[in-house]
Structure formats: structure tokens, C-alpha cells
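Asker:
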Amino acid sequence: MTTIPLQAYLILALILFCIGLFGALTKRNTIIVLICIELMLNAVNLNLVAFSQLGNNPGITGQVFSLFTITIAAAEVAVGMAILIAWYRHKNGVNVDEMDGLKD
Amino acid sequence: MIEFAWLIPALPLLTFLLLIVLREKLKKASGYVAVLISGITFIVATLVFLQLIDVGNFLMEWSWLTIGSIDISFGILLNPLNGLMLLLVAFISFLIHMYSLGYMDGDQRFSTFFAYLSLFTSAMLGLVMSPNLLQFYMFWELVGLGSFLLIGFYFYKNSAKQAAKKAFIMTRIGDVGLLIGLILLFWQTNSLRFVDIYQAVTNGDMSGGMITLIAILIFIGAIGKSGQFPLHTWLPDAMEGPTPVSALIHAATMVAAGVYLVAVMYPLYMASSLAMMIVAIVGAFTAIYAATIGLVQNDLKQVLAYSTISQLGFMMLAMGVLGYTAGIFHLFTHAFFKALLFLAAGSVIHAVHTQNIKEMGGLNQKLKLTSAVFLIGALAISGFPLFSGFFSKEEILASVWAEGQYGLFIIAIVAAFLTSVYMFRLYFLVFHGESKLTLDKVKPVPMTMKIPMMVLALFAIFSGFFNTSWFGTYIADFLEEGATYLEGIHHGSSIWLMLLATVVSLGGIALAYLIYVKNALNQENWKTSGTYQMLLNKYYMDEFYDNTFVKGSRGIGLGFQYVEKYFVRLIILFIGDLVTTFSRTGSKSQTGQAQTYTAVAFLGLVLFAAVYMLKGGY
């Protein structure tokens with residue numbers, strides 16, 4: 001079995017993270033922004049798992065940690081979606097650039 | 105018992121706190137609480153005084169502040185002078201608390217009145233027990249505060265408000281002198297304790313000029329507090345306060361604090377003949393100056409106020425001619441008869457609701473007791489033989505004569521003559537002649553007001569016998585015991601002086617009788633004369649101050665107001681606008697766009713990372 005080097009995982013995670021970041025910063029639709037945030041989280045998860053397997057100090061910690069992240073991300077999305085639905089009913093749209101009520 | 109002397113000022117302070125906190129709950133009872141505690145205070149003071157007669161001296165000090173090598177302490181000092189003042193203040197304060205029960209009955213701010221009265225009593229008792237000048241100064245200001253609060257007690261009246269302000273500001277002018285003197289003393293002797301100051305004077309640590317300067321500066325403080333010329337104008341106006349206040353603060357105790365201050369600092373004055381001379385001249389001038397004004401005033405309390413100023417002048421005069429015991433003795437007797445006169449005046453005002461003596465007359469029919477005690481007070485202050493004022497005034501005259509100040513002696517004799525004229529003018533106009541009031545308007549005087557008057561009347565008659573050349577000079581002996589620097593000064597009285605004093609006193613009474621009862625002299629010419637107008641307007645002193653100092657300061661104030669308006673405000677506006685513009689610009693970047701914020705944050709992170717990479721560390 002050929003081992004895939006650590007760098008490959010990291011580069012994949014980097015690309016994933018950049019796509020996520022780009023989307024989170026540029027998309028108008030809040031749902032897409034949320035999905036992009038998920039992408040970024042997953043990039044991080046990938047890093048955690050890769051390091052736990054192939055890092056200097058291999059161990060189970062990174063995997064456990066990524067499990068936690070996935071759980072938290074799920075909860076966060078649930079809350080985020082609830083807010084979004086409430087927002088949609090109120091404003092009839094989910095454009096992120098309209099959510100600037102905190103500026104006043 | 106003497107170790108508990110600190111209770112004496114602490115008890116009235118407790119009353120003050122109690123009444124201020126519980127004034128809504130206690131209401132009418134607050135008066136009784138105040139009277140009770142002031143009674144206890146008087147009992148403690150008496151016990152302490154009795155023990156002091158045996159002990160002679162008592163000092164208790166606690167360290168308060170230590171700055172470098174200088175230790176500032178507070179504590180209590182009891183010596184014959186302090187003990188006498190303590191007893192006097194506690195006694196009169198107790199009587200006046202009792203009197204106020206009747207006088208202030210039904211007042212909206214009954215409890216507040218007693219709270220203020222207790223605060224004043226506490227401060228005054230603390231003042232006379234101070235062992236150093238700093239503590240003295242603090243209590244000195246506190247009695248000023250008590251006086252201010254009580255003069256302005258009817259603050260809804262504009263005149264009372266103005267009078268309270270005037271009293272505070274005028275005495276403040278004197279206090280500046282006192283403060284400068286105090287600082288100079290500290291600079292010279294490195295201590296503010298009275299014993300150290302006496303020591304420094306005896307050792308000759310200070311130059312003669314410095315002693316004179318300090319003595320005069322301290323005397324300016326005494327001038328302000330004791331209503332001496334030229335800072336006297338606040339005292340007549342202070343009569344806006346309730347009458348018990350006038351009796352306690354502006355006749356018997358606080359105004360005597362100036363005389364007490366001179367007495368406390370006496371070694372300093374004895375070391376400087378110039379300062380002594382100034383004290384004597386200011387005293388003598390004030391005595392005759394205020395007496396002439398008192399001759400023509402038509403307000404019952406104003407006459408008494410000018411009489412107080414005049415009598416304080418007598419005390420100062422005595423102080424200035426080495427008549428230490430005579431001055432304190434006069435302070436002692438004056439406290440009784442002047443408090444009595446004010447209380448009697450208060451019960452007249454209480455009964456007829458006016459202070460104008462032209463509207464009174466014939467009141468001896470309705471106010472028999474008041475009329476009798478007023479007569480006693482008037483006889484005592486006029487120096488009628490065997491009344492208290494006779495002995496003390498005669499002693500002052502003896503001191504002036506013994507020092508060879510014949511000019512001052514003549515002034516004092518004339519002032520004494522005028523005293524009996526204006527006092528009996530007052531007596532005859534108020535209590536004799538045709539009644540100008542409908543008599544059913546006269547309210548009866550309650551018992552709580554009668555008792556203090558009767559007690560004070562007894563003292564007005566008999567307190568002179570504590571110090572006579574016939575039965576023994578108890579007060580003088582007692583005072584000299586505590587003031588060793590007085591040794592060798594004795595002003596024995598002589599028969600001719602007593603006769604002269606009697607003649608002057610009787611002459612004044614007779615003249616007043618002729619003018620105001622018999623109408624023997626034509627008053628019309630006198631009333632239209634320029635002198636009369638000048639006296640009625642108090643030598644235009646208030647107008648003079650108004651036109652010079654008040655208008656002058658107003659002018660300066662107006663000038664600075666323009667500077668403020670057109671210069672300072674411009675700078676302020678400019679700075680304000682600058683900040684506003686800056687923040688407006690700043691707030692533009694706050695768009696509320698979460699994505700922009702995130703982008704900026706990310707860029708920042710990148711920047712940090714880049715710096716970290718390039719520099720290889722922070």
C-alpha cells in the first residue's frame with residue numbers, strides 16, 4: 001500500500017479552505033456563505049486527521065478533536081438555519097449584504 | 105471622668121446624625137431627643153469642669169498624620185480657659201435647645217433645625233477643646249458652616265439666602281488671614297500645637313516682625329468671626345435666622361470665638377506691642393461705631409446685633425490692653441445677658457409677629473415675664489450696679505485705665521454710655537408707652553420658652569459675682585492658674601472708676617427715659633439731620649462694599665465672562681468639531697457588512713503572517 005504523503009493532504013486542505021474563504025467573503029446568498037464556512041471547517045478537519053495519522057506525534061487526539069468539530073458544526077448550522085428561516089420570513093430574502101443592522 | 109471629655113463634642117454630633125437620618129420618623133420627638141442629649145452634654149461638661157478645677161490641666165492626643173518628621177495630632181486640651189468656654193457653650197446651648205422647642209413649634213423643618221443646631225454645638229465644643237491650630241481651624245470652619253445653615257434656615261426668603269451667603273463670604277475673608285497666619289506659624293515653628301507655639305515665642309525663635317505679622321493675620325480671622333470693624337456687616341444681616349440661632353450663635357458663642365482665638369494665642373500678642381495696640385484700637389473703634397448705629401435702628405434684632413458687635417469690641421479692647429481676664433469675664437457675662445436679651449426679643453417676636461419696634465409698645469401689660477427679663481438683660485448690659493455687666497465692664501475700664509490708654513478710655517466710656525441709651529430706648533419703645541397693636545393678637549409664651557429665660561435672667565443678675573473685687577476674683581484666679589504668662593498683671597479696680605461706671609450707666613438710662621418716655625427733647629430736628637440718616641444707613645458701609653468690592657468683582661467677572669465667551673469657548677468648539685469630524689470619518693468604515701469585516705480581518709492575519717515569515721519572529 002502506497003502511502004500518500006502529508007503534503008498532499010495539506011495542499012488539499014489548503015485548496016478547500018481557500019475555496020471556502022473565497023465563497024464566504026464574496027457570495028451574497030447567506031446559505032452559500034454558510035456552506036462555504038462548512039467547507040473551511042472541513043479543511044481544518046482534514047488537517048487535524050492528517051496530522052493525527054502522519055504528524056510528528058501520531059495519536060488519536062486529532063481524530064477525536066475532528067469529531068467534536070463536526071458535532072459543533074452540525075449544531076451551529078442548525079442554529080444558523082433557524083435564524084435564516086426567521087430572517088427570511090421577516091425580510092423575504094437571505095442576502096448577506098442586507099444584514100447590516102449592527103452598523104447603527 | 106475627664107478622660108471622657110471627648111464625649112462632649114461627640115454627643116451633639118450623634119444627635120446631628122440621628123436627626124438627619126431619622127428626621128421623617130421622629131418629627132416632633134426630634135426636638136426632645138436634641139434637648140435630652142444636649143442636657144447630657146451639659147452634665148458631662150459640668151463633671152469634666154469640676155474635675156478640671158482640681159486637675160488644672162488635661163491633654164489627650166492621638167497621632168493623626170505623619171509627614172516626614174512632622175507629626176500632626178488631634179486630641180483634646182483642657183485648661184481653665186477651655187474649661188470655662190466649654191461649660192458656657194454647653195450650658196447656653198442646652199437652654200437654647202429647650203427654648204427652641206417652643207419657638208420653632210409647628211415649623212416645617214423642625215427636625216432639621218435641631219440637627220443643624222446640634223451640628224453647630226458639636227463644632228463649637230470641639231473648637232474650644234482643640235489642642236492645636238489645625239484642629240482649631242477645622243472646627244472654626246465647621247461653626248461657620250453651622251452658622252451659614254442656620255442663617256439660611258428660611259431659605260425660601262431671598263433676604264435669608266443673601267444673608268447666609270454674606271455671612272459665609274465675609275467671615276471667609278477673615279479666615280484667609282487666619283489661614284495665612286497659621287501657615288506662617290507652621291513655617292516658623294514646625295508645629296501647630298499651642299504648647300509648641302508658646303514655647304517658640306518664649307524662646308525667641310521668631311523675629312519680632314514675624315510675630316507681629318502672624319499676630320495681625322490671626323487677628324484678621326478674629327475680626328471676621330467676631331464681627332469687628334470692618335468685617336462686621338454680616339452680623340446684623342445674620343439676624344435673618346431664627347431668633348434662638350441669633351441668641352446662640354450670633355450673640356453668645358460663635359462670635360465670641362474671635363475673642364477666644366486672641367485669648368488662646370495670647371503669648372503671641374504679648375510679645376508684640378504693635379499687635380496689641382491694633383487689637384485695642386479695632387476693639388475700641390468697633391465698640392463706639394456699632395453703639396452709634398444701634399442708637400437709631402428700628403428693627404428689634406438689629407439693635408441687639410449692633411449691641412453684640414459693640415460688646416465684642418469691648419472684649420477686644422480689653423484683650424488689647426492686657427485685660428485678659430477682664431475680656432474673658434466680659435465674654436462670660438455677655439453670653440448670659442445677650443442670650444437672655446435675644447430670647448426675650450424672640451418671645452416678643454413670637455407673640456406679635458413683627459420686628460419693627462415702631463409698631464410695638466406697651467407690651468409690658470401682656471408679656472409680663474418677657475418684659476421683666478428683658479429689663480434684667482438691659483440693666484445687665486448697661487452696667488447697672490450689681491448686675492453682671494457692671495462688674496465685667498468696670499474691669500475692662502480698669503484695664504484700659506491701668507495701661508494708660510486715656511484716649512481709648514474716653515472712647516470706652518462714651519461707648520458704655522451709648523450702650524445704656526440704646527438698650528433703654530429699645531426697652532421703653534417696646535414695653536412702655538401706648539400699645540400700637542391690638543392686644544388680642546398677642547400669643548402667650550409657652551413654658552419651654554419661659555424656663556430658659558428665667559435661668560438666664562438669674563445668671564444675668566448674679567454671674568458678675570463670680571469675679572468681683574469684693575468677694576473674690578474666682579474667675580480671674582482660675583484663668584491665671586492656666587495662663588502663667590499673665591503673672592504680674594493686675595488691674596485692681598478703684599472706687600472712683602466704679603462710681604464713674606455707675607454714673608455713665610444711670611446717665612444713659614436717664615437720657616433714654618427723658619427722650620423716649622417723657623418726650624422731653626424734640627426729635628424732629630434730629631430725625632431729619634444728616635447724622636441721623638447716616639446712622640440709620642449704618643455709615644453707608646454696605647453701600648460702600650457694594651459699590652467697591654461687589655461691583656468690582658462683578659466687573660472683573662463680566663470681563664472674564666467675555667473672555668470665556670469669545671476666546672475659551674472658541675477653542676473648545678474647535679476641539680469639539682475636530683473630534684466630531686474625525687469620528688464621523690471613522691464611522692464611515694463601519695458598514696455593517698460582515699463580509700467586509702471578515703476580509704479585513706483575514707488581510708490583517710495575512711499581514712501578520714507575512715511579517716512573521718519575513719522577519720523570522722515577532
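Those sequence lines, one after another, are chains A and B. Residue 84 in the working numbering is what sits at position 84 of the first sequence, and the numbering runs on without skipping anything. Residue 448 in the working numbering is what sits at position 344 of the second sequence, and the numbering runs on without skipping anything. Beta carbons are placed, not taken as given, at the ideal position from N, Cα and C, and that holds for glycine. Computed from a predicted structure; not experimentally measured.
Whose CA, out of B:Lys669, B:Val504 and B:Leu199, lies closest to the CA of Met419 of chain B?
Answerer: If we check each option's Cα against that of Met419 of chain B, B:Val504 comes out closest.
Asker: Considering only the alpha carbon of each residue, which of B:Leu372, B:Ala355 and B:Gly308 lies closest to Ile318 of chain B?
Answerer: When each option's Cα is compared against that of Ile318 of chain B, the closest is B:Leu372.
Asker: If you count every other CB in all the chains shown that lies within 10 Å of the CB of Cys36 of chain A, and 16 or more means buried, which is it?
Answerer: So Cys36 of chain A ends up on the buried side.
Asker: If the cut is a Cβ gap below 7 Å, which residues of chain A does Gly696 of chain B touch?
Answerer: Going along chain A in sequence order, the residues near Gly696 of chain B (Cβ under 7 Å) are Asp100, Gly101, Leu102 and Lys103.
Asker: Can you give me the start and stop residues for the alpha helix (DSSP H) that Phe162 of chain B sits inside?
Answerer: Run containing Phe162 of chain B: none in the alpha helix (DSSP H); it sits in the beta strand (DSSP E), Phe162 to Ile171.
Asker: Taking the C-alpha atoms as reference points, what is the distance between Gln637 of chain B and Lys631 of chain B?
Answerer: Straight-line Cα distance between these residues: approximately 7 Å.
Asker: May I ask which residues mark the beginning and end of the alpha helix (DSSP H) holding Ser475 of chain B?
Answerer: That run of the alpha helix (DSSP H) goes Lys472 to Ser486.
Asker: Going by DSSP, name the residue or residues bridged to Ile180 of chain B.
Answerer: Note: Ile180 of chain B sits in a beta bridge opposite B:Met164.
Asker: Counting only runs that start and end within the segment 326 to 411 of chain B, where is the alpha helix (DSSP H) found for 4 or more residues in a row?
Answerer: Counting only runs of 4 or more, we get 338 to 341, 347 to 351, 361 to 368, 370 to 374 and 377 to 398.
Asker: For the segment 66 to 100 of chain A, which residues have a beta carbon sitting closer than 9 Å to at least one beta carbon of chain B?
Answerer: Per Cβ criterion, the list reads Val96, Asp97, Met99 and Asp100.
Asker: Which value, in whole angstroms, describes the spacing of the CA atoms of Ser66 of chain A and Leu54 of chain A?
Answerer: Answer to the nearest angstrom: the Cα atoms are 15 Å apart.
Asker: Compile a chain-ordered list of the residues in the segment 9 to 38 of chain A whose CB is closer than 8 Å to at least one CB of chain B.
Answerer: Those would be Leu21, Ala24, Leu25, Thr26 and Val33, in chain order.
Asker: Note down, in chain order, each residue of its chain lying with its Cβ closer than 8 Å to the Cβ of Ile517 of chain B, except the 5 sequence neighbours on either side.
Answerer: Leu501, Leu604 and Val608, listed in sequence order.
Asker: My output table needs one value for Ile4 of chain A: the three-state DSSP class, helix, strand or coil.
Answerer: It is coil, neither helix nor strand.
Asker: For His520 of chain B, which of B:Lys472, B:Phe648, B:Leu447 and B:Leu421 has the nearest alpha-carbon?
Answerer: Note that residue 520 of chain B is Ala in the sequence shown, not His. Of the candidates B:Lys472, B:Phe648, B:Leu447 and B:Leu421, the one whose C-alpha sits nearest the C-alpha of Ala520 of chain B is B:Leu421.
Asker: Is the number of C-beta pairs between the segment 489 to 497 of chain B and the segment 454 to 464 of chain B that are closer than 8 Å three or more?
Answerer: Because the criterion of three Cβ pairs below 8 Å is not met, the segment 489 to 497 of chain B and the segment 454 to 464 of chain B do not touch.
Asker: Quick check: what's the CA-CA separation for Glu128 of chain B versus Ser134 of chain B?
Answerer: One C-alpha to the other measures close to 9 Å.
Asker: Look at the alpha carbon of Ser687 of chain B and the alpha carbon of Lys655 of chain B, and state the distance between them as a whole number of angstroms.
Answerer: For Ser687 of chain B and Lys655 of chain B, the distance between alpha carbons rounds to 45 Å.
Asker: Check whether the segment 195 to 206 of chain B touches the segment 134 to 154 of chain B, counting contact only when three or more Cβ pairs, one atom from each stretch, lie closer than 8 Å.
Answerer: Judged by Cβ distances under 8 Å, the segment 195 to 206 of chain B makes contact with the segment 134 to 154 of chain B, as three or more pairs qualify.
Asker: Mind reading off the beta-carbon distance from Val67 of chain B to Asn186 of chain B? Whole number of angstroms is fine, and I expect it under 8 Å.
Answerer: No statement about residue 67 of chain B is possible, as the shown extent of chain B runs from 105 to 722 and does not include it.
Asker: Please classify Ala577 of chain B: does DSSP put it in a helix, a strand, or coil?
Answerer: The question names Ala, yet the displayed sequence has Thr at residue 577 of chain B. Strand.
Asker: Under a three-way DSSP split, which group does Asn571 of chain B fall into?
Answerer: Note: Asn571 of chain B maps to strand in three-state DSSP.
Asker: List, in chain order, every chain A residue whose beta-carbon is nearer than 8 Å to that of Gln699 of chain B.
Answerer: Result: Ala24, Leu25, Thr26, Val33, Val96 and Asp97.
Asker: Find out if the Cβ-Cβ distance for the pair Phe224 of chain B, Leu254 of chain B is shorter than 8 Å.
Answerer: For Phe224 of chain B and Leu254 of chain B, yes; Cβs fall inside 8 Å.
Asker: Asn29 of chain A bridges to which residues according to DSSP?
Answerer: The partner list for Asn29 of chain A (beta bridge, DSSP) reads A:Asn95.
Asker: Which residues does DSSP pair with Arg297 of chain B in a beta bridge?
Answerer: Beta-bridge pairing links Arg297 of chain B to B:Asn236.
Asker: By the DSSP assignment, the alpha helix (DSSP H) with Val425 of chain B in it spans what residues?
Answerer: Unbroken run through Val425 of chain B: none, as it is neither H nor E.
Asker: Using a Cβ-Cβ cut-off of 8 Å, state whether Phe706 of chain B counts as contacting chain A.
Answerer: Yes, its Cβ sits closer than 8 Å to a Cβ of chain A.
Asker: Go to Gln699 of chain B, then tell me how far its alpha helix (DSSP H) extends in each direction, as first and last residue.
Answerer: Segment Ala698 to Lys719, the alpha helix (DSSP H) holding Gln699 of chain B.
Asker: Which value, in whole angstroms, describes the spacing of the CA atoms of Trp110 of chain B and Leu192 of chain B?
Answerer: Approximately 17 Å, taken between the alpha carbons.
Asker: Under 8 Å, Cβ to Cβ, is there at least one residue of chain A near Thr702 of chain B?
Answerer: Interface residue, yes.
Asker: Determine whether the beta carbon atoms of Ser234 of chain B and Leu181 of chain B lie at a separation below 8 Å.
Answerer: For Ser234 of chain B and Leu181 of chain B, yes; Cβs fall inside 8 Å.
Asker: By the three-class DSSP mapping on this structure, what secondary structure does Asn460 of chain B have?
Answerer: If DSSP states are grouped into helix, strand and coil, Asn460 of chain B belongs with the strands.
Asker: Give the secondary structure of Ile174 of chain B by DSSP, where H, G and I count as helix, E and B as strand, and everything else as coil.
Answerer: If DSSP states are grouped into helix, strand and coil, Ile174 of chain B belongs with the strands.
Asker: Can you tell which of B:Gly511, B:Leu711, B:Ile485 and B:Ile327 has the C-alpha that lies nearest to the C-alpha of Gly568 of chain B?
Answerer: With distances taken between Cα atoms, Gly568 of chain B lies closest to B:Ile485.
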